[in-house]
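**Student:**
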Amino acid sequence: MLDTSCYHCGTHCESLNIKIDDKLFCCYGCKTVYEILNQSALNCYYDLTNKPGIIPSEIKGKYNYLDNKEIVDKLLEFDDGSTAIVKFNIPSIHCSSCIWILENLSKLNPHIKTTLVNFPKKTVRVTFSSEKTTLKEIVELMTSIGYEPYISLEDASSGKKKQSRHLTYQVAVAGFAFGNIMLMSLPEYFQLNEFWLDQYKPFFRAIMLLFAIPVVTYSAQDYYISAYKGLKHKVLNIDVPIALGVSVLFIRSTFDVVFNLGQGYFDSLAGLVFFLLLGKVFQQRTYDFLSFERDYKSYFPIAITKIDKDKKEQNIPVYNIEKGDRLLIRHQELVPVDGILLNGNALLDYSFVTGEAHPVSKKSGDKIFAGGKQMDGSFEMEVLETMSQSYLTQLWSNEIFKKDKAYSIKSLTDAISKKFTIIILSIAFISGLYWYNINPHDAFNVVTSILIIACPCALALAAPFALGNMLRLFGNNKLYLKNAEVIEDLAKIDTLVFDKTGTLTTNQAHIKYSGNSLSDKEKSCIKSLLRHSNHTLSRKLYGFIIANEIFEIIDFNEEIGKGIFGICDGRTILLGSANFLGNQKIENILQTTIWIKIDDKIKGKFIFENTYRKDVQEVFEKLKQNYKLIVLSGDNEGEKATLNKLLPAQVEYYFNQKPQQKLDFIKNLQSEGKKVMMIGDGLNDAGALAQSDVGIAVSEDINVFSPACDGIVAAEKFRMILNYLKLAKNTVILIKISFAISFIYNSLGLFFAVQGLLSPIVAAILMPLSSISVVIFVTLGTGFLVKKTDICH
Amino acid sequence: MGVIYIMILVSLLIALLFFFLFINSVKSGQYDDTYTPSVRMLFEDELVSDNEKEKSKTTK
Chain B
1 MLDTSCYHCG THCESLNIKI DDKLFCCYGC KTVYEILNQS ALNCYYDLTN
51 KPGIIPSEIK GKYNYLDNKE IVDKLLEFDD GSTAIVKFNI PSIHCSSCIW
101 ILENLSKLNP HIKTTLVNFP KKTVRVTFSS EKTTLKEIVE LMTSIGYEPY
151 ISLEDASSGK KKQSRHLTYQ VAVAGFAFGN IMLMSLPEYF QLNEFWLDQY
201 KPFFRAIMLL FAIPVVTYSA QDYYISAYKG LKHKVLNIDV PIALGVSVLF
251 IRSTFDVVFN LGQGYFDSLA GLVFFLLLGK VFQQRTYDFL SFERDYKSYF
301 PIAITKIDKD KKEQNIPVYN IEKGDRLLIR HQELVPVDGI LLNGNALLDY
351 SFVTGEAHPV SKKSGDKIFA GGKQMDGSFE MEVLETMSQS YLTQLWSNEI
401 FKKDKAYSIK SLTDAISKKF TIIILSIAFI SGLYWYNINP HDAFNVVTSI
451 LIIACPCALA LAAPFALGNM LRLFGNNKLY LKNAEVIEDL AKIDTLVFDK
501 TGTLTTNQAH IKYSGNSLSD KEKSCIKSLL RHSNHTLSRK LYGFIIANEI
551 FEIIDFNEEI GKGIFGICDG RTILLGSANF LGNQKIENIL QTTIWIKIDD
601 KIKGKFIFEN TYRKDVQEVF EKLKQNYKLI VLSGDNEGEK ATLNKLLPAQ
651 VEYYFNQKPQ QKLDFIKNLQ SEGKKVMMIG DGLNDAGALA QSDVGIAVSE
701 DINVFSPACD GIVAAEKFRM ILNYLKLAKN TVILIKISFA ISFIYNSLGL
751 FFAVQGLLSP IVAAILMPLS SISVVIFVTL GTGFLVKKTD ICH
Chain S
1001 MGVIYIMILV SLLIALLFFF LFINSVKSGQ YDDTYTPSVR MLFEDELVSD
1051 NEKEKSKTTK
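Chains as they are written, first to last, in our numbering: chain B, 1 to 793; chain S, 1001 to 1060.
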């Protein structure tokens, strides 16, 4: 069979006309990219990966704002007048060909010096000669070959974030010291009173002490800080016994070495800090390509076209927009502020604000809200509110977005550590008193030994490794969580709140036809007519209708926001809203419909239905046994009947909820003592997602969009929600078991310590042994849990 | 016997050297992206120049 997929992007080709060098293309965009690459001898692009390309998007005028020096300066990372460096975020990077072509950009524009791709983060760092080329030229070049940089307001407003490598250095120092101290302390373990060893003892001990200093002062510093903060807030967190243990270990060992009493516990000290930091690294695993902290700034453009009083167009940064300004919104541009439509027709796609799939059309004089994307031509608007005052953006002034969650979370480990610390301190005190009465000289030894062995190394490692590993396993199964603590929160959830549009429904509308049946020829005519329209509904319908022939259309006419009209094969065809067809009968306003009229006869209508995810019913049936279920929707009640039929009876419904109301709703539930998980998708859910105990965003395409949340789940895994929750609960049980194991080790150590028998070698064996066995136990345990609870399919 | 002092000091110096090399490589960003370089090393520059040669031949 003939391969009808596009040579560039692999999409199925509608027509077989766009050809060059025997290669087939789906559109002129793809063909142009091929030509550009071919001319510059970059067609190796197609050899590396089969059909790697991306259909380029329209760019005419879109990047004019990059002429504005103020904006360019904000985007550049570095500029000394001749050489400039800029970093772009390019969501469409997906294969090795992408890396290759982007790193060979200099062949397309000789003034680009180097380009460096970071594949996991999907970024490109471009170094170019700023005298000879401009940022605009580079952005347009990248867009023209399909790699459109994602430039948003966030890039301009946030300071350049420096990635912290602090923890890596701390681990490196601790690991380095651990290895070397081990080497130095080994000879003394055998306790041979040899002449040779006695001669070098002081030298070895001095080196161990030297190595231990950076471990205690630098590597372990975060534990002191955290313990101090905890005590200040009157919380005995896990870092308190750790900090205590580390400092006692160091003081006691230094004391031993300086007064020549023994070799000290420097090896245990370095090992302890090293393992603890490793646990931290393991828990901190993040997803480079995802961002969980996004707010509206990530979606808003940097600049917009303003129309001056003397009708001149000017690019201004969006934060300079003032009330009363006149703005020009072009095709595919986002409305940055609330305003009134002046002239032109607006067809706004609010899909990432509300999750609603169908664009809304607005007439001149209508109020339009920020966040909509213009889908059809361009229009002018007058600004009513500045950006921070807009309906949508106001939500972010809510304090929930500023709250530092650090001390609101009471983790499992901290809860246990409170009791643990109190018990250990009292044991140390009592045995100290006892030994003081028998032999005051040993009291110091015993008390320090107890504090050393009580240092909750295994305890502190159990949760980081269990949660860190679980985080990774969840990630493999397309639930991406912000951090490990979210798993603990997941285990406590008892109430689930769902958004409707985009969460329970898919973005792909289901199209249904009702009316008189259409002949094949009529279908062909409709399809031919639709070919000429760029309206999103037309595009969808075009894909839906199956027809073999394509006819020529005479007199094509489109009334934006209303419908299209044309003569095909001698017959007049009208497609559009009921109004457009002259049908004044009251329409069901809760549905999106396209009516068909052929030769003055109304034939029928196409209905665009919301489609529910196919597993919604099953998921709710399963969930209802253990959880309270609520559907919270920003839409009208049009779908209530369908929902009632589809979902179990005990589900509660709330409609017409504004973003702020959603947030308050969650707050109310929480004040009743409920642990709430919010599952949503649009920016209008952002407040609710932030307020809830766990906010999960459902995303059709992980790389593209999600509001600020605690986790992102791929849409196809929606039906796994119950299993995810189960797994989180089991993980917490697993952690509790490993706590029990580490308590056994601690009691064993205490048995030696209270008797004053803790020798350095016992400590050196017991500490790593307990840590490693707990780590192995939780790692195997989490793997087993995932196997048992099916989340893969 | 003094040789032990020298040997240990020398070995520690070597260890410290590698330690600082490691810290420097972290600082320079070598470990920030561990995936892309593995793909990049498989690209061959020759492919491009071959095509360029062909192109210059055909244009002649």
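Heads up, the beta-carbon is just placed ideally off N, CA and C, and yes, glycines get one too.
#1: Any contact between the region 260–272 of chain B and the region 443–463 of chain B? By contact I mean 3 or more CB pairs, one from each, below 8 Å.
#2: Once the 5 residues before and after residue 110 of chain B are set aside, which same chain residues still bring their CB inside 6 Å of it?
#3: Starting from the Cα of residue 555 of chain B, find the closest Cα among B:578, B:528, B:360 and B:577 and give me that residue.
#4: Assign residue 121 of chain B to one of two classes, buried (16 or more other C-beta atoms within 10 Å of its C-beta) or exposed (fewer than that).
#5: How big is the Cα-Cα spacing for residue 90 of chain B and residue 119 of chain B?
#6: Please tell me whether residue 370 of chain B and residue 388 of chain B are closer than 8 Å, where the distance is taken between their beta carbons.
#7: Using 10 angstroms around the beta-carbon of residue 782 of chain B, count the other beta-carbons present and answer buried if the total reaches 16, otherwise exposed.
#8: By how many angstroms is the C-alpha of residue 213 of chain B removed from the C-alpha of residue 247 of chain B?
#9: Taking Cβ-Cβ distances shorter than 9 Å, what residues in chain S pair up with residue 203 of chain B?
#10: Run through chain S and tell me which residues come within less than 7 Å of residue 557 of chain B, C-beta to C-beta.
#11: CB-CB under 8 Å to residue 661 of chain B, same chain, minus the five flanking residues each way: which ones, in chain order?
#12: Taking 8 Å as the threshold (beta carbon to beta carbon), is residue 222 of chain B in contact with chain S?
#13: How do the region 1024–1044 of chain S and the region 161–180 of chain B stand: do at least 3 beta-carbon pairs fall below 8 Å, yes or no?
#14: Along the chain, where does the beta strand (DSSP E) that runs through residue 480 of chain B open and close?
#15: From the DSSP output, in three-state form, read off residue 1007 of chain S for me.
#16: Considering only C-alpha positions, which residue in the set B:385, B:732 and B:753 is nearest to residue 428 of chain B?
#17: Run the CB neighbour count on residue 474 of chain B, radius 10 Å, all protein chains shown included, and call it buried at 16 or more, exposed below.
#18: With a Cβ-Cβ cutoff of 8 Å, do residue 630 of chain B and residue 652 of chain B count as a contact?
#19: On a Cα-Cα basis, can you pick out the residue from B:176, B:133 and B:72 that is closest to residue 1016 of chain S?
#20: Name the chain B residues whose beta carbon is nearer than 7 Å to that of residue 1020 of chain S?
#21: Helix, strand or coil: how does DSSP classify residue 126 of chain B here?
#22: Is DSSP giving residue 40 of chain B helix, strand or coil here?
#23: Listing by chain order, which chain B residues have their CB less than 9 Å from the CB of residue 1014 of chain S?
#24: Residues of chain S with CB closer than 8 Å to the CB of residue 180 of chain B, please, in chain order.
#25: Quick one: which chain S residues come within Cβ less than 7 Å of residue 7 of chain B?
#26: Would you identify the three-state DSSP class for residue 568 of chain B, choosing helix, strand or coil?
#27: What number of angstroms, rounded off, separates the C-alpha of residue 114 of chain B from the C-alpha of residue 83 of chain B?
#28: If you draw a straight line from the alpha carbon of residue 716 of chain B to that of residue 80 of chain B, how long is it in whole angstroms?
#29: If you follow the beta strand (DSSP E) that residue 699 of chain B is part of, which residue opens it and which one closes it?
#30: Cβ of residue 219 of chain B less than 8 Å from any chain S Cβ?
#31: Examine chain S for any beta-carbon lying closer than 8 Å to the beta-carbon of residue 120 of chain B, and answer yes or no.
#32: Would residue 99 of chain B count as contacting chain S if we go by Cβ distances under 8 Å?
#33: If you count every other CB in all the chains shown that lies within 10 Å of the CB of residue 673 of chain B, and 16 or more means buried, which is it?
#34: Is any beta-carbon of chain S found at less than 8 Å from that of residue 117 of chain B?
#35: Among the candidates B:148, B:669 and B:324, whose CA atom is the shortest distance from the CA of residue 92 of chain B?
#36: Determine the burial state of residue 641 of chain B: buried for a count of at least 16 other Cβ atoms within 10 Å of its Cβ, exposed for fewer.
**Tutor:** Taking the coordinates as given:
#1: yes
#2: Within the same chain, no Cβ atom closer than 6 Å to the Cβ of residue 110 of chain B is found once the five residues on either side in sequence are excluded.
#3: B:528
#4: buried
#5: 10 Å
#6: No. Outside cutoff.
#7: So residue 782 of chain B ends up on the buried side.
#8: 11 Å
#9: 1004, 1005 and 1008
#10: Under the 7 Å cutoff, chain S gives no residues; its nearest Cβ is about 47 Å from residue 557 of chain B.
#11: none
#12: Output row for residue 222 of chain B: interface = no.
#13: yes
#14: 479–481
#15: helix
#16: Of B:385, B:732 and B:753, the residue nearest in Cα terms is B:753.
#17: Under this definition residue 474 of chain B is a buried residue.
#18: In contact: residue 630 of chain B and residue 652 of chain B (Cβ atoms closer than 8 Å).
#19: B:176
#20: Going along chain B, no residue has its Cβ under 7 Å from residue 1020 of chain S, so there is no contact; the nearest lies around 10 Å.
#21: strand
#22: coil
#23: Going along chain B, no residue has its Cβ under 9 Å from residue 1014 of chain S, so there is no contact; the nearest lies around 11 Å.
#24: 1012 and 1015
#25: By Cβ distance, chain S contributes nothing, its closest Cβ being about 17 Å from residue 7 of chain B, past 7 Å.
#26: The DSSP-derived three-state label of residue 568 of chain B is strand.
#27: 11 Å
#28: 48 Å
#29: 694–699 is the extent of the beta strand (DSSP E) around residue 699 of chain B.
#30: Answer no: the Cβ-Cβ gap between residue 219 of chain B and chain S never drops below 8 Å.
#31: yes
#32: At least one chain S Cβ lies under 8 Å of residue 99 of chain B.
#33: exposed
#34: The beta-carbon of residue 117 of chain B is placed less than 8 Å from the nearest beta-carbon of chain S.
#35: B:148
#36: It is exposed - the Cβ of residue 641 of chain B has fewer than 16 other Cβ atoms within 10 Å.
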